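Heads up, the sequence shown is in the numbering used here, so the first residue is 20 and it goes up one at a time.
The beta-carbon is built from N, C-alpha and C at its ideal position, and this holds for glycine as well.
A quick note: this is a predicted structure, and the numbers were derived from the prediction, not measured.
Notes follow the structure.
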Amino acid sequence: MNLLRANAFLAIAAAALAVPTWLTIQGDLENFVDTAQVPKLFEGFTADNVAAVALGKPKDPQPEVAQQPGADPDQKAPIQYDQIQFQRTDKGFVLGQAMGEKFGAPVNSQMLELQVWKHLSSIQADRETLVQENATEQQLADYGLDPLHAFVIKAFNAQQQVVAELLVGKDTNVGAQGTDTVRGVYVRRADSRDVAFYEVPMWNRAVDPQQWLDLSVAKIPADMVRRIEVKNQTGQAAFVRKKGESLWTSEASPVGKGAARQIEVESLVQRLGYVQAQDYVRPLSGAQLTQYGLDAPKVTVSVVYEKDGKDVTLEVACGNPTEGKPMQYVRCSASDFVCALPVQWAAGFERDVGEFFDPAAQQEGAPKEAAPKEGAQSVGGDGKREEQPAQQPVPVTPVAPAQGNGGTNPAVQGTDGGGTAPVPATDGKPEPKPEPKPQANPTGDGGF
20 MNLLRANAFL AIAAAALAVP TWLTIQGDLE NFVDTAQVPK LFEGFTADNV AAVALGKPKD
80 PQPEVAQQPG ADPDQKAPIQ YDQIQFQRTD KGFVLGQAMG EKFGAPVNSQ MLELQVWKHL
140 SSIQADRETL VQENATEQQL ADYGLDPLHA FVIKAFNAQQ QVVAELLVGK DTNVGAQGTD
200 TVRGVYVRRA DSRDVAFYEV PMWNRAVDPQ QWLDLSVAKI PADMVRRIEV KNQTGQAAFV
260 RKKGESLWTS EASPVGKGAA RQIEVESLVQ RLGYVQAQDY VRPLSGAQLT QYGLDAPKVT
320 VSVVYEKDGK DVTLEVACGN PTEGKPMQYV RCSASDFVCA LPVQWAAGFE RDVGEFFDPA
380 AQQEGAPKEA APKEGAQSVG GDGKREEQPA QQPVPVTPVA PAQGNGGTNP AVQGTDGGGT
440 APVPATDGKP EPKPEPKPQA NPTGDGGF
């Protein structure tokens with residue numbers, strides 16, 4: 020009976036707790052918004068359908084345009100833009116034909132995805148984001164969405180038809196203060212006067228090609244490199260490393276050099292691991308190589324590495340330094356452009372090739388310098404050692420005893436009145452002094 024009462028109590032408690040939980044879930048469902056179901060400003064837009072895209076910023080100030088004879092004086096001159104164009108190729112998007120000598124330079128695909136495609140496919144068009152419906156000319160100017168101030172993005176398909184044209188106005192946080200300010204921009208379609216709000220931390224309005232380029236020329240994993248060859252004005256050196264091995268070996272060492280110096284070869288491999296240009300100068304197809312010193316390059320580097328189970332060869336040639344900047348013209352088989360790379364990068368391949376090797380070990384059986392004999396001294400001014408016979412001791416002249424104070428030699432007296440002092444036996448004649456023997460020059464330099 021007690022068990023039945025306990026079960027009934029638990030059932031009542033569970034039901035009581037389920038009611039507020041159900042109410043909470045229902046409230047959340049009312050507030051939940053499925054973004055996939057929200058209408059978009061450009062319904063059905065996808066980057067796969069885009070063949071070209073142009074970004075434009077109105078020139079400030081607008082250049083003066085001479086009015087054509089017979090033209091309507093009330094007709095406004097077309098807006099002039101600073102612009103950049105991208106077009107699709109089989110290798111991805113590149114700078115368009117309007118970009119002059121940089122036509123064909125690769126564009127950073129990740130940057131294009133995050134700062135163009137994502138925006139065009141994500142901007143919503145519902146009552147929550149609508150700021151001003153059918154805005155007047157003055158209202159468009161207040162939002163920065165009039166033709167004279169709006170930043171323009173225009174995307175085309177393969178048939179040159181416009182699939183999306185977006186105008187971007189002022190930031191929503193301009194002039195606002197406080198942490199509750201929502202960061203975003205005002206936007207509208209080119210064919211509509213409805214102003215919408217788009218929440219985004221920052222909108223990139225850059226039209227400088229340098230900021231959109233993919234400057235990565237080559238990426239080679241160091242462990243995939245099998246061979247590297249360097250040729251410069253000091254000579255040529257080639258190193259190989261078989262798959263699964265860690266040490267580099269030399270195909271041919273210079274005269275007087277030994278095995279490959281591992282740390283130096285690894286340094287060369289690391290330089291080729293990530294080749295990044297500072298700029299793309301112009302396409303190789305129309306370049307005068309002599310102008311850049313690439314017709315007869317000072318340095319050539321060839322590297323063989325494994326990719327997808329196959330050997331791939333990358334060749335790099337270094338030419339003249341650029342004018343006014345610490346860069347050097349480089350030609351790489353992975354790029355269709357004359358590139359500019361930092362001079363520090365090329366300097367690593369301009370070193371004497373002998374520095375990539377250890378010194379040669381002394382061969383066994385080679386004649387060695389004979390050790391000096393015992394007692395020999397070093398003489399001569401040219402640093403050579405010459406054997407000299409050991410210096411002979413000077414013979415001691417025998418002496419005879421002398422008398423004390425009463426002796427015949429008053430200049431020599433004993434220590435006491437009757438003692439004796441050692442004096443040479445002279446037979447009344449003064450003892451001649453011995454001539455000093457010539458000594459070997461201890462300095463060995465032939466000087467004073």
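Local Cβ density within 10 Å of residue i, reported as buried at 16 or more and exposed below that
i	result
G437	In this prediction, G437 scores a pLDDT of 42, lower than 50, which makes its location untrustworthy; the coordinate-derived value is nonetheless stated afterwards. Answer is exposed; the Cβ neighbour count stays below 16.
K137	exposed
I31	exposed
A117	exposed
K276	buried
Y293	exposed
T148	buried
G263	exposed
V244	buried
P429	Unreliable placement is indicated for P429, whose pLDDT of 39 sits below 50; no coordinate value is reported for it.
K121	buried
S354	buried
V315	Note that residue 315 corresponds to Ala in the displayed sequence, not to Val. By the 10 Å Cβ count, A315 comes out exposed.
L266	exposed
S269	buried
C33	Before going further, note that residue 33 is Ala rather than Cys in the sequence given. It counts as exposed.
Close-in-space but distant-in-sequence residues of the same chain around residue i (CB under 8 Å, 5 per side omitted)
i	result
P340	M346, Q347, Y348, V362
P378	G275, K276, G277
V326	Note on identity: in this sequence residue 326 is Lys, with Val being the wrong assignment. Answer for K326: M243, listed in chain order.
Q151	Q158, Y162, D213, V214
Pair within 8 Å by beta-carbon distance, residue i and residue j
i	j	result
A241	V288	yes
A160	F105	no
G343	L313	no
L164	V214	yes
A124	Y311	no
A279	F175	no
Q473	Q81	Residue 473 lies beyond the stretch modelled for the chain, which goes from 20 to 467, so this question has no answer here.
V284	F258	yes
L308	I239	no
I282	Y217	no
S352	D233	no
N251	K317	yes
L181	N68	One detail in the question is off: residue 181 reads as Val in this sequence, not Leu. No; because the gap between Cβ atoms is not below 8 Å, this pair is not in contact.
A237	L333	yes
K78	D101	yes
Option in the options with minimal Cα separation from residue i
i	options	result
G203	L131, M118, M221	M221
V320	F356, R301, A366	A366
L131	D145, M243, I172, L266	I172
L114	A90, F375, S211, P302	P302
S140	R107, K261, A154, E184	E184
P134	K261, V331, V219	Inspection of the sequence shows that residue 134 is occupied by Gln rather than by Pro. Minimum Cα distance to Q134 is reached at V219.
N153	A209, A27, E83, N68	A209
G119	E374, V126, I103	I103
A177	R107, E374, E83	R107
V84	A73, G75, A96, P77	A96
S8	K317, I247, N251, K261	Summary: the structure shown does not reach residue 8, with the chain confined to residues 20 through 467, and so no result is reported for it.
T191	L266, D330, Y162, E156	Y162
T155	D109, S211, F112	S211
G75	R260, A336, H168, K326	H168
Q158	Q179, K189, A271, G63	K189
Y205	Q179, W231, F170	F170
Run of the alpha helix (DSSP H) containing residue i, from where it starts to where it stops
i	result
L224	The displayed chain sequence assigns Arg, not Leu, to residue 224. Here R224 belongs to no alpha helix (DSSP H), and DSSP marks it neither H nor E.
E285	281-292
Q151	Segment 149-151 is the beta strand (DSSP E) holding Q151; no alpha helix (DSSP H) there.
S128	128-131
V159	The sequence given here places Leu at residue 159; Val does not occur at that position. L159 -> alpha helix (DSSP H) spans 156-161.
K173	Counting along the chain, K173 falls outside any alpha helix (DSSP H), though it belongs to the beta strand (DSSP E) covering 170-175.
V274	Looking at the DSSP string, V274 is not in any alpha helix (DSSP H), and its letter there is neither H nor E.
K137	137-141
Neighbourhood of residue i by C-beta distance below 7 Å, restricted to the same chain and skipping five residues each side
i	result
L360	A296, Q297, M346, Q347, V349
A306	V357
R207	L164, L186, D213, V214, A215
A144	P58, K59, L60, A215
Same chain, Cβ closer than 6 Å to residue i, five either side skipped, listed in chain order
i	result
V372	T253, G254, A256
Q229	none
V249	A256, V320, F368
A90	none
P166	I98
Extent of the continuous beta strand (DSSP E) run through residue i
i	result
V335	329-340
G71	Rather than Gly, the amino acid found at residue 71 in this sequence is Ala. Looking at the DSSP string, the run of the beta strand (DSSP E) that includes A71 is 71-77.
V181	181-190
A359	356-361
S235	235-238
S321	318-326
A257	254-259
Residue i: CB within 7 Å of a non-hydrogen atom of the ligand ADP
i	result
V187	Of ligands this structure carries none, so the ligand ADP is not represented either.
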